[in-house]
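Residue numbers (this note's numbering), protein chains in the order written: chain S, 45 to 816; chain A, 11 to 239. One structure is given here, and the rest of the page talks about it.
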Amino acid sequence: MGAGPRWGPLEGARRAYRLRAAPLRGRFALCYNPGERPNAALSQLVRLPQSPFILAVAVLAALVALGLVALSWRTLAGLSRPQRLALTAGRLLLFAVAAVGVADLGVWRASSHTLQPYLALLIDASQSMSIADEAGGQTRLEAALAQCQAQRLPDQLGTRAAGLTYSFAEAAHPTQNMERLQAKGQRTDLVAAVSAPVEQIGPQDLAALVLVCDGQDTEGASAADIAGAAQGVPVYTVGVGKPERPRDLELAQMLAPKEVARGEQAVIAAQLRAYGYQRVRTRVLLRRGDERIEARAAELSPGQPARLQFRLTPRELGLFRYSLRAEPLADELSSRNNERNFFLRVTQADRKVLVLDRPRQEFAALRRALEPVEKLSLTIYLKKDRASGFWREQPSPQKDQPLPRGDKLAQYDAVIIGDLASADLGREVLAEIASLVRSKGLGLALLGGPQGMGKVTYAGTPLADLLPFSAAAGSYQAAAAQARISQAGQNHPALAAVHGDLNLGSLPALAGLYALGSLRPGAQALLTANLPARGAVPLVAVRRVGSAKVLAVATDSTWRWVRSEHAGEQSAAAHAALWRALIWWLATIEAEHGVLVQLDRDTYTVGDAVRIVVTVRDQDFAPVSDAQVTAVVQRPDGAKDQVNCYAVPDASGRYEGTYRTGADGTHKLTVKAQRGAADLGSAAREFAVEPQVEEFRHPEMNRGLLEDVARRTRAAYLPLSRVAELPKLIQPQPRRIASAERTGLAHTRPYLLLFLALAALDWGLRRRWGVG
Amino acid sequence: MGRRIALLGLWLLVWAAWPATHAHAQLAASPDAEFRIARLKYGGGGDWYSNRSSLPNLLRAVRERTTIKAAESEAVVSPLDPELSSYPYLYATGHGMIRFTQQEAAALRRYMLSGGFFHVDDNFGMDPHFRQAVKTLFPDRDLVELPYSHEVYHCFYQFPQGLPKIHEHYGGPPHGYGILDQGRVVLFYSYNTDLGDGWESPEVHNDPPDKREAALRMGVNLVVYALSH
């Protein structure tokens, strides 16, 4: 049958039940549709068939009945009139009874019963419940559990099913082993705690909630929020802990930068407060891991916070966890709020670039392009004459300055060698540069020019094997050469951000370039230029050497993009953008494999979700969409968790995964990508997870909040010591539930007996009167 | 037999010489590597062509004393010459009138702001006209006298007292003025010294060797400055 009502304006079982339960109580009603409840008045039943289908069936049944009467009358022609009438009437009655059975007509019987309401006992299991300020040195949780068990609170309150005792912190969960609860929750969300039983049981079936806690809500909920979450259910609150602030030292505030450049100073400001003490002294220690960085004495007076400043100058790149801890005072209730941790990412400072060249147009144009770039620090040495050494250009030109060597050379992130003969630099400097390229990741650029690239002076030097080209020198091909960005260049991270704006096709032609032979394996031509006889030849090529980057530019004519007949503002901007992008990339110390991993931030709090975004590119830096990406997070204790990363639709080469943090400390994320058996590369980075310390910000019990919640929900507040009074305060009333039960007529014994009796009567009369 | 040996020896000689020839081909330099000064053929009637031997002598000094591969002779360009922008160093001298049309001024201004270096050398009598003309070039900027500590006086040779005095014209000390763009001197005006006179061959003005040397040194400084900024 259809879902719609057949017997009157029913609007759904639940609503119909409520509307009609009362009139039905103790009475019967006849109904047709077994899926629906009856109308209250039998009088309605008479005129109820409303559906055309039902009407048609009824008409059909009446016709069949008439046919049956006529047929029966004719077949009983040999009998007397009374006999014929009796048999025909009996068969008509039998037909009617069978029709009732086929139509599954039934009867409704109204009834009512009582329902025992629920009571939910909610026990706070957050970390603040580990504060031992209850009698006998008990923690708050220990005292709460002891009281609840001593008073047999669940039984006394009349809870009648398992699952009505909840523990809560960040969320509430039913618990059956109250005695096993531990105060480990990192946050307290009282709204979530109250909402859980209300939503699971329903407010109409909950007589009351009993909230046993210290009243500290780390989510900032107000009493109104909590009372609102109860949806009208009374919330009896039981306060655990002392409402007065205990003797305590608190590292109340700390301001620390999240990131600092290597070699720059980071300032950490802290504010220390003491409660319940007169003048006291303590020491505050700044540590990085287990290493002590600095200690400072602090003197505190009542109501007067001590303000401290620490300064540190990190020298290593990476993410480091620091802690600031005040030494505990005597009789201090809890030292958990004496400490604060912070993570500091030490990043590369200004990219330091050493430029070695001689006075020439190409150098001057390069200098004008690079000098305005913030965070790119150029140190320029120029070979101005053959007789003397290099001139150091900054802060003012100084003659005969030795080139940086050893540690001074190692401070640079990249070295640009312009148009110089290898002899100008000397074999030892070249060997040091090559060594730093291989060992430290020093970026190296060799620029075109007649003294260097135009001669064979670098062949056989330590630099020769590092270059992207097979030859360190080549003949100059003088021809108007139009630079073009290659496919590899479009995908390459060096130019990824700028290639769309370069519009190299509109730039003035170069005067020519040095033919440096073929590219070495692994090298890529980012820019090419067409030469009349040779077609496209590499103009700007790069190569990875370990973690280092090596760049070669086979021309000394890019200045023509700035100042030549066809140059303009657009081409000058392209010149600057290209050189800035190339040198910035060259000088950036960053592991750069086929896999790039990014996180939505560096620092998380326990329980946060870490969004991992992985970009996979192949050797030509083209996005890879069919890779298998595996991410593994190593927790501070060394345990490893695997994170599934899935390809993002419509984001070529991009994969995402989510990791839920569970422990504080530095986590190491390693991501690997494969395509079939081919290894596409890996990437690693760290992220920091900070512990939740909000639980200990306010160690006193928040009695005001608990009283307010109880008042707003028309319940009562009790201290833990008076918890035995709760059963008297809460008097849950059983709820009377009215219901109606349906019985199909065909399934009743009288119906069956009636049917059999009529059939037997028909059979008996026909046998007696000799009818076949 | 002897003929065969001779042929073999000739072949060996060719074979041995070929790599050297090939290597020599690699030494071919880009034209952009060659530094050439452009003399400005300006309007107004002034003798832009004066001091004819000066620039070749300066170029020789640059070639011999620095790592700059300088050409032997100068080029001559007018302000609207498309070739102007190919030269990093533009030189103007004369004794009288110098004038730029608005179009010429725009071209010269574009040249300087895009990296070119314009040296104007007063050869006596040019000063009032040039000071007028420079307003056409840069209406919103003034010539400023460069301090003696400026790089142009120290980037190769040391001139602790600023510009050297080569010729006595107006009396008093020489002055080096400049117009700067983002800290870079784009126009240098040498006044009351006549550097070009000092660059001339000795027989032209019979300048004492020390004056000629001082002028050449200052010229080298200006070229080095132009090619390193």
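Cβ coordinates follow ideal geometry from the N, Cα and C atoms, glycine included.
Close beta carbons around residue i, own chain, < 8 Å, minus the five adjacent residues each side
{"i": "P219 of chain A", "result": "P212"}
{"i": "E288 of chain S", "result": "E744"}
{"i": "R766 of chain S", "result": "none"}
{"i": "S432 of chain S", "result": "K443 and D444"}
{"i": "T702 of chain S", "result": "A653, V654, R655, I656 and V687"}
Close-in-space but distant-in-sequence residues of the same chain around residue i (CB under 7 Å, 5 per side omitted)
{"i": "L831 of chain S", "result": "Residue 831 of chain S is absent from the structure shown; chain S starts at 45 and stops at 816."}
{"i": "P416 of chain S", "result": "none"}
{"i": "D401 of chain S", "result": "F407, L426, G462, D463 and L464"}
{"i": "S466 of chain S", "result": "L474, T501, Y502 and T505"}
{"i": "T183 of chain S", "result": "M173, S174, I175, A176 and A227"}
{"i": "E44 of chain A", "result": "K79 and A81"}
Residue range of the alpha helix (DSSP H) that includes residue i
{"i": "V230 of chain A", "result": "P219 to A236"}
{"i": "T8 of chain A", "result": "Outside the modelled stretch of chain A, which goes from 11 to 239, sits residue 8 of chain A, for which no answer is possible."}
{"i": "L575 of chain S", "result": "Unbroken run through L575 of chain S is the beta strand (DSSP E), Q568 to L575; no alpha helix (DSSP H)."}
{"i": "W117 of chain S", "result": "P96 to T119"}
Under 8 Å between C-beta atoms of residue i and residue j
{"i": "G666 of chain S", "j": "L724 of chain S", "result": "According to the sequence shown, residue 666 of chain S is Ala rather than Gly. No, the Cβ-Cβ distance between A666 of chain S and L724 of chain S is not below 8 Å."}
{"i": "G188 of chain A", "j": "W603 of chain S", "result": "no"}
{"i": "A143 of chain A", "j": "Y97 of chain A", "result": "no"}
{"i": "H129 of chain A", "j": "L232 of chain A", "result": "yes"}
{"i": "D132 of chain A", "j": "D204 of chain A", "result": "yes"}
{"i": "S601 of chain S", "j": "G533 of chain S", "result": "no"}
{"i": "L373 of chain S", "j": "L293 of chain S", "result": "yes"}
{"i": "P218 of chain S", "j": "R779 of chain S", "result": "no"}
{"i": "D646 of chain S", "j": "F513 of chain S", "result": "no"}
{"i": "W623 of chain S", "j": "A538 of chain S", "result": "no"}
Closer than 8 Å to chain S by CB, residue i
{"i": "L37 of chain A", "result": "Its pLDDT being 34, under 50, L37 of chain A is placed unreliably in this model, and the value from its coordinates should be taken loosely. Chain S, which has a Cβ nearer than 8 Å to the Cβ of L37 of chain A, makes this yes."}
{"i": "V196 of chain A", "result": "no"}
{"i": "H129 of chain A", "result": "no"}
{"i": "A33 of chain A", "result": "At A33 of chain A, the pLDDT of 34 sits below 50, so the modelled position is not reliable; the number obtained from the coordinates is stated separately. Closer than 8 Å to some Cβ of chain S, the Cβ of A33 of chain A qualifies, so yes."}
{"i": "S124 of chain A", "result": "yes"}
{"i": "L226 of chain A", "result": "no"}
{"i": "D220 of chain A", "result": "no"}
DSSP bridge partner residues for residue i (one or two, in chain order)
{"i": "F198 of chain A", "result": "A:H129 and A:G188"}
{"i": "Y167 of chain A", "result": "DSSP output for Y167 of chain A lists no bridge partner at all."}
{"i": "V86 of chain A", "result": "A:R49"}
{"i": "F386 of chain S", "result": "S:Y366"}
{"i": "Q155 of chain S", "result": "Residue 155 of chain S is actually Ser in this sequence, not Gln. For S155 of chain S, which the question treats as bridged, DSSP gives the partners S:S783."}
{"i": "K712 of chain S", "result": "S:Q678 and S:E730"}
{"i": "C257 of chain S", "result": "S:G283"}
{"i": "K396 of chain S", "result": "S:S421"}
8 Å Cβ cutoff, residue i in contact with chain A
{"i": "E609 of chain S", "result": "yes"}
{"i": "A296 of chain S", "result": "no"}
{"i": "A508 of chain S", "result": "no"}
{"i": "P494 of chain S", "result": "yes"}
{"i": "Q405 of chain S", "result": "yes"}
{"i": "V606 of chain S", "result": "yes"}
{"i": "W623 of chain S", "result": "no"}
{"i": "W603 of chain S", "result": "yes"}
{"i": "R411 of chain S", "result": "yes"}
{"i": "R402 of chain S", "result": "yes"}
{"i": "A553 of chain S", "result": "no"}
{"i": "A408 of chain S", "result": "yes"}
{"i": "A527 of chain S", "result": "no"}
{"i": "E636 of chain S", "result": "Note that E636 of chain S scores 49 on pLDDT, short of 50, meaning its location in the model is unreliable and no value can be drawn from it."}
{"i": "A616 of chain S", "result": "yes"}
Start-to-end residues for the beta strand (DSSP E) that takes in residue i
{"i": "S35 of chain S", "result": "Outside the modelled stretch of chain S, which goes from 45 to 816, sits residue 35 of chain S, for which no answer is possible."}
{"i": "P763 of chain S", "result": "Y761 to P763"}
Contact set for residue i: own chain, Cβ-Cβ below 6 Å, skip 5 residues either direction
{"i": "H215 of chain A", "result": "D207"}
{"i": "T757 of chain S", "result": "A271, A274, P278 and V279"}
{"i": "L796 of chain S", "result": "none"}
{"i": "A169 of chain S", "result": "S211, A213, L225, A227 and G229"}
{"i": "L750 of chain S", "result": "G259, T281, G283 and Y761"}
* Got a sec: which bits of the stretch 420-440 of chain S sit with their beta carbon under 9 Å from any beta carbon on chain C, in order along the chain? -> This model lacks chain C altogether; the protein chains it does include are S and A.
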